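Everything below concerns the one structure shown next.
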Amino acid sequence: MPHPSLGAAPQDLTAGFPAAAERLRAARSRLGARALEVALEQDPSIATRHGELGLRKLLRDTEPLIDRLAIAVAASDRTAVAAWADWVAPLYRRRRVPMDDLIQVCEGLKQAVLAV
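Under my numbering, the first residue of the sequence shown carries the number 6, and numbering increases by one thereafter.
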């Protein structure tokens, strides 16, 4: 993602699919809940591993992921999602969340966004 203060042009959020990005943002909470449901269906041990508080945190974490996904869709550039993944990896290590659980949530999101 180009940085305007370094002389690069800002990202064009109309280069991709801005209408689809807006639909993602509008359905953010519903998509996050569905993504977590799908992840729990695929791997029920996620619930026992994290407990209710951990599941709430995973659900909360889906909103910024969906925001970044919407930016990527609007700009037709996946660097926004890659930057989110770089940012969240140390946080999940500190919270002792296995990356496999994040992958399950992302797979759930992949299925959930098909409905939008």
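Note that CB positions come from ideal geometry on N, CA and C, so glycine has one too.
Every value quoted in this text rests on a predicted model; they were computed, and no experiment measured them.
Within the same chain, and ignoring the five residues on either side of R30 in sequence, the residues whose Cβ sits closer than 6 Å to its Cβ are A75.
Contact annotation, V110 with A44: C-beta distance approximately 5 Å; criterion of less than 8 Å satisfied. DSSP, read as helix, strand or coil, puts L18 in coil.
The beta carbons of A117 and A40 sit closer together than 7 Å. Here T67 is near G37, since their CB atoms are less than 7 Å apart. About 6 Å separates the CB atoms of L60 and A52; that is less than 8 Å, so the two are in contact.
Every candidate beta strand (DSSP E) stretch fails here, since none sits fully inside the stretch 62-101 while reaching 3 residues. At least 7 Å separates the beta-carbon of A79 from that of L119. With respect to S81, G21 sits close: the two C-beta atoms are nearer than 7 Å.
For D48 and R101, the gap between their C-alpha atoms comes out near 17 Å.
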